[in-house]
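J.:
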Amino acid sequence: MCGIAGRILNREGEVGQDLVELMDAQAHRGADSTGFAIYTKPLPEGGKVRLMGFDRRNLNSDLDDVIKILRNHGSDLLTDPQIDDASSAHYSVRLEAKEPANVENWIAEADLISNRIEVLSYGISLEIIKDVGDAEAVADKHHLRTMQGTHGLGHARLATESDVSPKASHPFWARPFPDVAIVHNGQITNYYLWRDKLELQGYRFMTENDSELLAVWISDQKRKGLSLQQALIKSVSEIDGVFTFMISDLNGIGLAKDRFAMKPLVTLESEGELIAATEEQAVRRIAPDRWDVFNYDGPSMTQIWPLHTIEAAA
Amino acid sequence: MSEKVIQVGHRDIRIINQEFLEALEAGHSVVVTDTLSRHNLGVGLPRSGKIHFDGSVGYYCGGLNTGTDVRVENNAGWGTGEAMSGGIITVNGYSGMSTGAAMLGGLIHVKGDCGPRCGVAMKAGDIVVEGNLGYQAGFMAHRGRIIALGSAGPSCGDALWEAEVWVAGDIESLGVDAKIVEPEAEEVEGVDALLKQLGLEERFRDWRKIVSEQKLWYFESRDANSWLMI
């Protein structure tokens, strides 16, 4: 049992605050770890890199290695790294960097040191922030509530398939595709079958978490030329298990749900905005007086909610 | 009967449920405000009384109800009336997955649509849905009736035991081991009487009754002694 959430605003606003509320309301669904994928104001050039390092004692040298690899690929820092000031062994870093000449080649080299410091996300807008603890703890540590943006995803994890660690938390970036993230509630039962196939094709897995498969699987489908909608529809027949997952990119949020209709999602759509959560009571945190929600309760459902920002429409 | 208003908000659910019990046992009818779709509201209600949730409720509302008349103004989440043995639960809006799961008696009346696996493993009682039934309605239901005035989604009546699913509208597909039979006239009268009791329009409905084909009942003997040897 995990909890997921999605939020789309019709103009740039307090999407961090809303996602924290949605996940705080669902903390009972999994307080092992909490994570967020937030689409903040796009950079005019370069991209945002979110990193997680695993041994704070080696922070400087590990960060130097990451920057060195960025430079190997024609990139360089556009801003000074921002590092959390917590006392935990693991730490998070935010960078803004010039776009690497080839993101796929860069991330392939960066992944060689992912046992020390891992790239969590890359994109002109996407920032993935995840950590152990509930929504409140993660929000306080990473200053989520003040993050402004247009849309995003949230996840509360009850670890069932792999260990409790910041690394195994959601969301997962659909590496190497910039600005694509995924959150998942459920269990993937043909995980090893797909993992073996994808690894034989050269894909790398950062964790033992079955949800990561969805991010890698979607990447593979995108590489094969499928649109997001086509990939979502295909996932329902190709992926076995009970699942509801949400995927986000620069253009909005998508959903796919398994053939057994086991994992819920409740949505409220209004004036170009979306509030989505595993439980209706979480939606109430944002819209306490609205009850015209829609339940994605049926089997084999897919959906895409596009971003309709007022700025984009103008 | 005097009315007592109990506010939910973000207060502790155990305390709220205790307040419901005390108010109902004192003979008050209860109006519940600021429900915020919270879970486990009105679980374990007593043998008599009336409670009105003026909003939406979350999971398991009215679970283990023994006789209270429960009304939900808007939507209800998963497992509404789970394992209830008596009373009536009325949901004015949508009722989520596993409505009436394992219920042992009483009546659930949903005025909107119902989510997947309505009446899963129910043992007795009735579920009346004015709208449509979701996926796998009546899954593994032992006894009792599920009556839908609207249509039924995929896999209706999957792995039924002795329960019946009545559908007046279209049936998207039948589940494993389910079949449609022509209902007897007196059975239709029984259903019509129940609908009339709920104030629903009296008119002809083209009922299809879905029951088990009993092919999954692979055992040949119903003699319990033969099972005691295992």
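Chains as they are written, first to last, in this note's numbering: chain L, 1 to 314; chain W, 1001 to 1230. Using N, Cα and C, we set each Cβ at its ideal position, and we do this for glycine too. Quick caveat, the model's predicted, so the values are computed rather than measured.
Could you list which residues in chain W have their beta carbon closer than 7 Å to that of Ala-261(L), in chain order?
T.: Along the first sequence, one-based indexing puts residue 261(L) at 261. Here the neighbours are Pro-1116, Tyr-1135.
J.: Mind listing, in chain order, the continuous beta strand (DSSP E) runs of no fewer than 3 residues lying wholly within the region 184-270 of chain L?
T.: List check, beta strand (DSSP E) in window: 241-249, 252-257, 266-270.
J.: What three-state label does DSSP hand Met-1122(W) in the structure shown?
T.: Numbered from 1 along the second sequence, position 122 holds the residue referred to as residue 1122(W). It is coil, neither helix nor strand.
J.: So is Gln-201(L) buried or exposed if we call it buried at 16+ other beta carbons inside 10 Å?
T.: By 1-based counting over the first sequence, the position of residue 201(L) is 201. Gln-201(L) comes out exposed.
J.: Might you give, ordered along the chain, the residues of its own chain that have their beta carbon closer than 7 Å to the beta carbon of Trp-194(L), omitting 5 neighbours on each side?
T.: Counting from 1 along the first sequence, the entry for residue 194(L) is found at position 194. Only Leu-213, Trp-217 meet the Cβ criterion.
J.: Starting from Arg-1071(W), find everything on chain L with Cβ-Cβ shorter than 9 Å and list it in chain order.
T.: Working through the second sequence from its first residue, we reach residue 1071(W) at position 71. Those do not exist, as Arg-1071(W) stays about 15 Å from chain L at its closest Cβ, beyond 9 Å.
J.: Roughly how many whole angstroms lie between the Cα atoms of Leu-1133(W) and Phe-36(L)?
T.: Within the second sequence, the letter at position 133 stands for residue 1133(W). Within the first sequence, the letter at position 36 stands for residue 36(L). C-alpha separation (whole angstroms): 35 Å.
J.: Against chain L, which members of the region 1135-1149 of chain W pass a CB distance test of less than 8 Å?
T.: Hits within the stretch, in order: Tyr-1135, Gln-1136.
J.: Check Arg-1071(W) in the structure and name its three-state DSSP category.
T.: The count along the second sequence starts at 1 and reaches residue 1071(W) at position 71. If DSSP states are grouped into helix, strand and coil, Arg-1071(W) belongs with the strands.
J.: Could you say if the region 280-297 of chain L and the region 1010-1023 of chain W meet the contact criterion of at least three C-beta pairs nearer than 8 Å?
T.: No, they do not touch.
J.: Between Asp-134(L) and chain W, is any beta-carbon pair separated by less than 8 Å?
T.: Sequence index remark: in the first sequence, residue 134(L) carries index 134 (1-based). Not closer than 8 Å to any Cβ of chain W, the Cβ of Asp-134(L) fails to qualify, so no.
J.: Which chain W residues are close to Pro-299(L), counting only those with a beta carbon under 7 Å from its beta carbon?
T.: Indexing the first sequence from 1 puts residue 299(L) at position 299. Near Pro-299(L) (Cβ distances below 7 Å), the residues of chain W are Tyr-1135, Pro-1154.
J.: Kindly list the residues whose CB is nearer than 6 Å to the CB of Glu-1130(W), restricted to its own chain and excluding five residues on each side of it in sequence; keep chain order.
T.: If you number the second sequence from 1, residue 1130(W) lands on position 130. For Glu-1130(W), where only same-chain residues beyond five positions count, the Cβ hits under 6 Å are Lys-1111, Leu-1149.
J.: Fully enclosed by the region 1129-1168 of chain W, which beta strand (DSSP E) runs are 3 residues long or longer?
T.: As far as the region 1129-1168 of chain W is concerned, its whole beta strand (DSSP E) runs of at least 3 residues are 1145-1148, 1164-1167.
J.: Please give the ranges of any beta strand (DSSP E) in the region 40-107 of chain L, keeping only runs that are unbroken, at least 3 residues long and fully inside the region.
T.: Those beta strand (DSSP E) runs which fall completely within the region 40-107 of chain L and span 3+ residues are 47-53, 91-97.
J.: Are three or more beta carbon pairs between the region 11-18 of chain L and the region 143-158 of chain L nearer than 8 Å?
T.: In short, these stretches touch, since the Cβ pair count reaches three.
J.: Would you mind giving the Cβ-Cβ distance between Ala-1124(W) and Gly-1144(W), rounded to the nearest angstrom? I have them listed as a contact below 8 Å.
T.: Working through the second sequence from its first residue, we reach residue 1124(W) at position 124. Working through the second sequence from its first residue, we reach residue 1144(W) at position 144. Correct: roughly 5 Å between the Cβ atoms.
J.: Going by C-alpha to C-alpha distance, which of Met-1084(W), Val-1165(W), Tyr-1060(W) sits closest to Thr-1068(W)?
T.: Translated into the one-based positions of the second sequence, residue 1068(W) becomes position 68. Measuring from the Cα of Thr-1068(W), the nearest candidate turns out to be Met-1084(W).
J.: Using a beta-carbon distance below 8 Å, is Ser-1098(W) in contact with chain L?
T.: As a working note, residue 1098(W) is residue 98 in the second sequence. Cβ-Cβ to chain L under 8 Å: no for Ser-1098(W).
J.: Could you confirm whether any beta carbon from chain W is found closer than 8 Å to the beta carbon of Arg-11(L)?
T.: As a working mapping, residue 11(L) is identified with position 11 in the first sequence. Arg-11(L) does not count as touching chain W.
J.: When we look at the beta-carbon of Tyr-122(L) and count the other beta-carbons within 10 Å, is it buried (16 or more) or exposed?
T.: Here residue 122(L) corresponds to residue number 122 of the first sequence, with the count starting at 1. When all chains shown are included, Tyr-122(L) counts as buried.
J.: Asn-295(L) touches chain W at which residues, Cβ-Cβ below 7 Å?
T.: Residue numbering aside, residue 295(L) sits at position 295 when the first sequence is read from its first letter. Under the 7 Å cutoff, chain W gives Tyr-1094, Gly-1096, Gly-1115.
J.: Go ahead and pull the three-state DSSP assignment for Lys-1209(W).
T.: In the second sequence, the residue the question calls residue 1209(W) occupies position 209. DSSP places Lys-1209(W) in strand when its eight states are reduced to three.
J.: In whole angstroms, what is the alpha-carbon distance linking Ile-1194(W) and Glu-1182(W)?
T.: Along the second sequence, one-based indexing puts residue 1194(W) at 194. Along the second sequence, one-based indexing puts residue 1182(W) at 182. Reading off the sequence shown, one finds Leu at residue 1194(W), where the question assumed Ile. Each residue's Cα considered, the two are about 19 Å apart.
J.: What are the residues of the region 248-282 of chain L that lie near chain W, defined by any Cβ-Cβ distance shorter than 9 Å?
T.: Hits within the stretch, in order: Phe-260, Ala-261, Met-262, Pro-264, Val-266, Glu-279, Glu-280, Gln-281, Ala-282.
J.: Go ahead and pull the three-state DSSP assignment for Glu-1082(W).
T.: What you label residue 1082(W) is simply residue 82 of the second sequence in a count that begins at 1. Looking at Glu-1082(W) - three-state DSSP - the assignment turns out to be coil, as it is neither helix nor strand.
J.: Spatial neighbours of Pro-1116(W) within its chain, please: C-beta separation below 6 Å, excluding the five flanking residues on both sides.
T.: Residue mapping note: residue 1116(W) aligns to position 116 of the second sequence, counting from 1. For Pro-1116(W), where only same-chain residues beyond five positions count, the Cβ hits under 6 Å are Met-1097, Gly-1134, Tyr-1135, Gln-1136.
J.: Please find out if some non-hydrogen atom of the ligand FAD comes closer than 7 Å to the beta-carbon of Ile-129(L).
T.: With respect to the ligand FAD, the structure offers nothing, as it holds no ligand at all.
J.: Compare the C-alpha of Ala-277(L) against each of Thr-302(L), Phe-245(L), Phe-260(L), Ala-261(L) and name the closest.
T.: Position 277 of the first sequence, counted from the start, is the residue given in the question as residue 277(L). The shortest C-alpha separation from Ala-277(L) is found at Phe-245(L).
J.: In angstroms, rounded to a whole number, what distance separates the CA positions of Gly-298(L) and Asp-85(L)?
T.: Within the first sequence, residue 298(L) is the residue found at index 298, counting from 1. Within the first sequence, residue 85(L) is the residue found at index 85, counting from 1. Those two C-alpha atoms are separated by around 45 Å.
J.: Beta-carbon within less than 6 Å of Lys-1050(W)'s beta-carbon, same chain only, minus the 5 sequence neighbours each way: which residues are those?
T.: The residue labelled residue 1050(W) in the question sits at position 50 within the second sequence. Result list for Lys-1050(W): Ser-1029, Asp-1069, in chain order.
J.: CA-CA distance, Arg-7(L) and Val-1128(W)?
T.: Within the first sequence, the letter at position 7 stands for residue 7(L). Within the second sequence, the letter at position 128 stands for residue 1128(W). The straight-line gap from Cα to Cα measures roughly 35 Å.
J.: Using a Cβ-Cβ distance under 8 Å, would Pro-288(L) count as near chain W?
T.: As a position in the first sequence, residue 288(L) is number 288, starting the count at 1. At least one chain W Cβ lies under 8 Å of Pro-288(L).
J.: Taking Cβ-Cβ distances below 8 Å as the criterion, which residues of the region 1034-1061 of chain W are in contact with chain L?
T.: Listed by position, the residues of the region 1034-1061 of chain W near chain L (Cβ gap below 8 Å) are Leu-1036, Ser-1037, Arg-1038, His-1039, Gly-1055, Ser-1056, Gly-1058, Tyr-1059.
J.: Below 8 Å on C-beta distance, what does Gly-1077(W) contact in chain L?
T.: By 1-based counting over the second sequence, the position of residue 1077(W) is 77. Within 8 Å Cβ-Cβ: Glu-279, Glu-280, Gln-281.
J.: Please report how far the alpha carbon of Val-1008(W) lies from the alpha carbon of Glu-1025(W), in whole angstroms.
T.: Here residue 1008(W) refers to the residue found at position 8 when the second sequence is read from its first residue. Here residue 1025(W) refers to the residue found at position 25 when the second sequence is read from its first residue. Rounded to whole angstroms, Val-1008(W) to Glu-1025(W) spans 19 Å at the Cα level.
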